[in-house]
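Report on one structure; see the data block that follows.
In my numbering, the protein residues as written are 25 to 76.
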């Protein structure tokens with residue numbers, strides 16, 4: 025099998041509703057990923073209904 029890619033060389037990824045970015049390695053050598061989610065729905069401002 026192939027050698028696993030170094031997480032520091034993995035490029036950022038952007039898809040429809042999320043984006044991932046590699047984080048730098050910590051003191052133990054672990055390199056994680058930062059995940060940023062974009063909202064799926066637009067939030068409408070609430071208005072109080074008129075009284076009948």
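Beta carbons: idealized from backbone N, C-alpha and C, even for Gly.
Given the structure is predicted, the values throughout are model-derived calculations rather than measurements.
Coil, strand or helix - residue i by DSSP
i          : result
residue 21 : Any question about residue 21 goes unanswered here, given that the chain covers just 25 to 76.
residue 58 : strand
residue 38 : strand
Contacting residues, own chain, Cβ-Cβ under 7 Å from residue i (five flanking each side not counted)
i          : result
residue 56 : 47
Contacting residues, own chain, Cβ-Cβ under 6 Å from residue i (five flanking each side not counted)
i          : result
residue 44 : 37, 57, 59
Residue from the options whose Cα sits closest to the Cα of residue i
i          : options        : result
residue 63 : 34, 27, 50, 40 : 40
residue 61 : 42, 34, 70     : 42
Spatial distance of residue i from residue j (CA atoms)
i          : j          : result
residue 73 : residue 66 : 20 Å
residue 27 : residue 70 : 54 Å
residue 35 : residue 75 : 56 Å
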